[in-house]
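Below you'll find the structure, written out as structure tokens, and then a few comments.
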Amino acid sequence: MKRLANAEIAKILTQIRTLMEFAGEPFFKFMAYERAAETLENAPPVAELVAAGRLQELPGIGKTIAARISEICATGTCVYLDELRAKYPLTLVELLGVSGVGMKTAQQLFGLLGVASLADLEAALAAGRLDGMPRLGAKTIENIRRGVLAYKGRQRRTPLGQALPIAREIVAYLAEHTAAADLTPAGSVRRQEPTVGDIDILCTSTDAAAVISAFTRWERAEAVLAEGETKASIWLRGGLQIDLRVLPAHLYGNLLQHFTGSREHNIQLRELAVRKNLRVSENGIVDLTDGTTTTCRTEEEVYARLGLPYIAPELRLGIGEIEAARDGALPAVVELGDLRGDFHMHCTWSDGRNTLETMIAAAAARGYSYHSVSDHSWGRGGMGLTPDDLRAQRERLREIGDKYGVRSLRSSEVDILPDGGLDFDDAILADLDIVVASVHSALNISRDDMTRRLIRACENPYVNIIGHPTGRNVETFPGYEFDYDAVFAAAARTGTALEIDGQPNRLDLPSPLARRAREFGVTFTCDSDAHGADQLANVAYAVGQARRAWLAPDAILNTRDLDDVLAFVEAKRVRGGAAKVI
DNA sequence: GCCGTTTTCGGCCCGACTGTTTTCAGTCG
Numbered sequence: 002m003k004r005l006a007n008a009e010i011a012k013i014l015t016q017i018r019t020l021m022e023f024a025g026e027p028f029f030k031f032m033a034y035e036r037a038a039e040t041l042e043n044a045p046p047v048a049e050l051v052a053a054g055r056l057q058e059l060p061g062i063g064k065t066i067a068a069r070i071s072e073i074c075a076t077g078t079c080v081y082l083d084e085l086r087a088k089y090p091l092t093l094v095e096l097l098g099v100s101g102v103g104m105k106t107a108q109q110l111f112g113l114l115g116v117a118s119l120a121d122l123e124a125a126l127a128a129g130r131l132d133g134m135p136r137l138g139a140k141t142i143e144n145i146r147r148g149v150l151a152y153k154g155r156q157r158r159t160p161l162g163q164a165l166p167i168a169r170e171i172v173a174y175l176a177e178h179t180a181a182a183d184l185t186p187a188g189s190v191r192r193q194e195p196t197v198g199d200i201d202i203l204c205t206s207t208d209a210a211a212v213i214s215a216f217t218r219w220e221r222a223e224a225v226l227a228e229g230e231t232k233a234s235i236w237l238r239g240g241l242q243i244d245l246r247v248l249p250a251h252l253y254g255n256l257l258q259h260f261t262g263s264r265e266h267n268i269q270l271r272e273l274a275v276r277k278n279l280r281v282s283e284n285g286i287v288d289l290t291d292g293t294t295t296t297c298r299t300e301e302e303v304y305a306r307l308g309l310p311y312i313a314p315e316l317r318l319g320i321g322e323i324e325a326a327r328d329g330a331l332p333a334v335v336e337l338g339d340l341r342g343d344f345h346m347h348c349t350w351s352d353g354r355n356t357l358e359t360m361i362a363a364a365a366a367r368g369y370s371y372h373s374v375s376d377h378s379w380g381r382g383g384m385g386l387t388p389d390d391l392r393a394q395r396e397r398l399r400e401i402g403d404k405y406g407v408r409s410l411r412s413s414e415v416d417i418l419p420d421g422g423l424d425f426d427d428a429i430l431a432d433l434d435i436v437v438a439s440v441h442s443a444l445n446i447s448r449d450d451m452t453r454r455l456i457r458a459c460e461n462p463y464v465n466i467i468g469h470p471t472g473r474n475v476e477t478f479p480g481y482e483f484d485y486d487a488v489f490a491a492a493a494r495t496g497t498a499l500e501i502d503g504q505p506n507r508l509d510l511p512s513p514l515a516r517r518a519r520e521f522g523v524t525f526t527c528d529s530d531a532h533g534a535d536q537l538a539n540v541a542y543a544v545g546q547a548r549r550a551w552l553a554p555d556a557i558l559n560t561r562d563l564d565d566v567l568a569f570v571e572a573k574r575v576r577g578g579a580a581k582v583i
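Below, the structure is given as structure tokens:
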């Protein structure tokens, strides 16, 4: 059968968790499934771990859940879920997805009215069958009605590349119209999640009411979901939710830590705190032995009070970072300022929007000491470069680069053909400074064929970087299937870097895979894949994903100086790709 | 169901907002 992706297994665990709660199982029992699902979302490919018998090394996965996961991998489901489904329809999960309907309400609707799905709920609302039920007043029913509409109209999770600009927009609005300080996007946006469920904004102020009032009156707010003394929530058109929290300035560190999450990270942090007789919340850290409260201006102080070094936001997933921090085993992760160049961008010679000179000027303006223009190869329909084009472009690169004071490397994003061969002959590639090779076609070949295809590309002595290695789209496509470990091993063995592509719809390699690849000793690049000068800034997204993968600067090729980059290329050519590898 | 620099048994995070209530349950993050 088809190999299940981690996300699919996590979804099944979440279904089990929901039906367990519905069935009245003990709180900590079903919460264990929730934690396990969260772990899988950010873990290396589960199929490999199952095969190696290493599932229980993952945090929050013990004997029972490991057995269930193995069963799901082997059969696509598990007996325990089937037993639950025999009593409670899986469509109950829909009910709980409706904003305003929680477990108690769903149980009541199912038990008293037989409402078991979204369609059932709509019919019951239309027929007025909710009227007069215990604890369901007119306002609550109206709220549920609105929740149903939102559920049906809601888009999927919002890509980070769309959410971050909106977050900056509301921050700019509040900065202009209120006296709020410390305005900061928090939550999943700050953690650089590839897609986000909502946007969290926080700030400090001595007049929270004024800030909240301005927030709920924002012209883009379609509806106000909640408006209290320190927090408020609005919906934008399309259903994206923004939460705002306002506290006094001396609590900024506590507030930022609290609202950055993740939920799982915070739970684990507070569990650790409880063992030290401390109670952590956004309102400060209370010492339960003497009742004193510590408030923090910075997050560093929060972690220090708990006996931990600072943990970067992108690492806060509740997947072992707290233990690593405690043991002093957290890496100093790469920062945007560590980058000295960008290997992946396009200009009007292929499918970019800006001219070669504009792109070079923009790269220089970012302070890079080098970059490469990697237009597509000719196999990509009409827009790719022919070998003659490539030669002509190369002659202009040095000249324009000199003009702007940056080293413009000769490059190409060459197509990897279905059999693993390349769209340009080696003689042409040999004339380039650095080569990016990417899969753009025949995405549906078999897993084994795709594995062989990528390994063969790695083994070409002129291929230095595999571009967007899984081909995923964060919204629409999980990526083509291949044997990750086999390709990571090949990349490490041949001295081929794997790209972390910063295009917001790609963010590829995904961070769990990058973290896995690092175990094989793979080198990475953080690239923008810019198709216009304004998109060079997308490299920040690539760095965000690298940080989520716990990568230090030394794992990233474009943190190195030009000589070291050229030495990386030369070393592979000298070895002749796979031919002379020990 | 998981887990252990107080535990292999007995613990397991914390608070804001809403609506239906007369002191709190439910929902959410």
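Per my numbering, the first sequence starts with residue 2, numbered consecutively.
We treat Cβ as the ideally placed atom computed from N, Cα and C, and that holds for glycine.
Query raised in the report: Considering only the beta carbon of each residue, do residue 319 and residue 259 sit closer than 8 Å?
Result: The Cβ atoms of residue 319 and residue 259 lie no closer than 8 Å to each other.
Report task. Rounded to whole angstroms, what's the CA-CA distance from residue 568 to residue 558? Just pull it up for me. Result -> Cα-Cα distance, rounded: 11 Å.
Report task. Sort out for me which residues DSSP pairs residue 241 with in a bridge. Result -> According to DSSP, residue 241 bridges with nothing at all.
Report task. Consult DSSP for residue 172 and reduce its assignment to one of helix, strand or coil. Result -> It is helical.
Report task. Please work out which residues of its chain come closer than 8 Å, Cβ to Cβ, to residue 506, disregarding the five sequence neighbours upstream and downstream, and give them in chain order. Result -> So the qualifying residues of the chain are 160, 162, 474, 475 and 476.
Query raised in the report: What's the C-alpha gap between residue 435 and residue 469?
Result: Rounded to whole angstroms, residue 435 to residue 469 spans 16 Å at the Cα level.
Query raised in the report: Are the beta-carbon atoms belonging to residue 365 and residue 534 less than 8 Å from one another?
Result: 8 Å or more divides the Cβ of residue 365 from the Cβ of residue 534.
Query raised in the report: Among 278, 138 and 134, which one has its Cα closest to the Cα of residue 288?
Result: Minimum Cα distance to residue 288 is reached at 278.
**Report entry** Residues that DSSP places opposite residue 219 in a beta bridge
**Finding:** Looking at the DSSP assignment, residue 219 forms no beta bridge with any residue, so it has no partner.
**Report entry** Own chain residues within Cβ distance below 7 Å of residue 123, not counting five before or after
**Finding:** The answer, listed in chain order, is 149.
**Report entry** At least 3 beta-carbon pairs within less than 8 Å: the region 235-252 vs the region 182-201
**Finding:** Yes: at least three Cβ pairs fall under 8 Å.
Query raised in the report: Just how far apart, CA to CA, sit residue 321 and residue 310?
Result: Between residue 321 and residue 310, the C-alpha separation is close to 14 Å.
Report task. Compare the beta carbon distance of residue 423 and residue 465 with 8 Å and say whether it is the shorter of the two. Result -> In this structure, residue 423 keeps its C-beta atom at 8 Å or more from the C-beta atom of residue 465.
Report task. Assign residue 292 to one of two classes, buried (16 or more other C-beta atoms within 10 Å of its C-beta) or exposed (fewer than that). Result -> Answer is exposed; the Cβ neighbour count stays below 16.
Query raised in the report: Quick one: is residue 218 buried, meaning 16 or more other Cβ sit within 10 Å of its Cβ, or exposed?
Result: Residue 218 comes out exposed.
Query raised in the report: Taking contact to mean at least 3 C-beta pairs separated by less than 8 Å, is the region 396-403 in contact with the region 375-384?
Result: By the C-beta criterion, the region 396-403 is judged not to be in contact with the region 375-384, since fewer than 3 inter-stretch pairs fall below 8 Å.
**Report entry** Straight-line gap, residue 562 to residue 488 (C-alpha atoms, nearest Å)
**Finding:** Rounded to whole angstroms, residue 562 to residue 488 spans 27 Å at the Cα level.
Query raised in the report: Using the C-alpha atoms, what's the distance from residue 147 back to residue 550?
Result: Rounded to whole angstroms, the gap between the alpha carbons of residue 550 and residue 147 is 39 Å.
Requested in this report: Just confirm the distance between the C-beta atoms of residue 236 and residue 227, as a whole number of angstroms; I'd bet it's less than 8 Å.
Outcome: No, residue 236 and residue 227 are not in contact; Cβ-Cβ is about 11 Å, not under 8 Å.
Report task. Check residue 564 in the structure and name its three-state DSSP category. Result -> In this structure, residue 564 counts as helix in the three-state DSSP scheme.
Report task. Please determine, among 553, 538, 541 and 13, the residue with the shortest C-alpha to C-alpha distance to residue 519. Result -> Ranked by Cα distance from residue 519, the first of 553, 538, 541 and 13 is 553.
Query raised in the report: Which word fits residue 153, buried or exposed, when buried means at least 16 other C-beta atoms lie within 10 angstroms of its C-beta?
Result: It counts as exposed.
Report task. Tell me, please, whether the region 525-539 touches the region 337-349 by the rule of three or more beta-carbon pairs shorter than 8 Å. Result -> The answer is yes - the region 337-349 touches the region 525-539, with three or more Cβ pairs under 8 Å.
Requested in this report: Give the single residue among 498, 441 and 452 whose Cα lies nearest to the Cα of residue 482.
Outcome: The shortest C-alpha to C-alpha distance from residue 482 to any of 498, 441 and 452 is the one to 452.
**Report entry** Per-residue burial, residue 77 [other beta carbons within 10 Å of its own, 16 or more giving buried]
**Finding:** Classification for residue 77: exposed.
Requested in this report: Work out the CA separation of residue 41 and residue 10 for me, nearest whole Å.
Outcome: Residue 41 has its alpha-carbon roughly 8 Å from the corresponding atom of residue 10.
Query - Cβ pair count under 8 Å reaching 3, the region 170-184 against the region 201-215 - result: Contact between the region 170-184 and the region 201-215 is established, with three or more Cβ pairs separated by less than 8 Å.
Requested in this report: Out of 383, 427 and 361, state which residue places its alpha-carbon closest to the alpha-carbon of residue 406.
Outcome: Among 383, 427 and 361, the Cα nearest to that of residue 406 belongs to 361.
Query raised in the report: For residue 254, which of helix, strand or coil comes out of DSSP?
Result: The answer is helix: DSSP assigns residue 254 an H, G or I state.
Requested in this report: Quick one: residues in its chain with C-beta nearer than 6 Å to the C-beta of residue 480, no 5 flanking neighbours on either side, listed in chain order?
Outcome: Around residue 480: 471, 472 and 473.
Query raised in the report: Taking one C-beta from the region 97-109 and one from the region 28-40 each time, how about it: are there three or more such pairs within less than 8 Å?
Result: Counting Cβ pairs under 8 Å, fewer than three are found: no touch.
**Report entry** beta strand (DSSP E) segment containing residue 512, residue limits
**Finding:** Where residue 512 is concerned, there is no enclosing beta strand (DSSP E), although the alpha helix (DSSP H) it sits in stretches over 512-520.
Report task. Determine the burial state of residue 570: buried for a count of at least 16 other Cβ atoms within 10 Å of its Cβ, exposed for fewer. Result -> Buried.
Report task. Go through its chain and collect everything with a Cβ distance to residue 369's Cβ below 8 Å, but skip five positions before and after it. Result -> Excluding sequence positions up to five before and after residue 369, its CB lies within less than 8 Å of the CB of 340, 341, 342, 343 and 407, all in the same chain and listed in chain order.
Query raised in the report: What did DSSP end up calling residue 394 once you bin it into helix, strand or coil?
Result: In the displayed model, residue 394 falls within a helix according to three-state DSSP.
**Report entry** N-terminal and C-terminal residue of the beta strand (DSSP E) that residue 66 is part of
**Finding:** That residue, residue 66, is in no beta strand (DSSP E); its alpha helix (DSSP H) goes 64-76.
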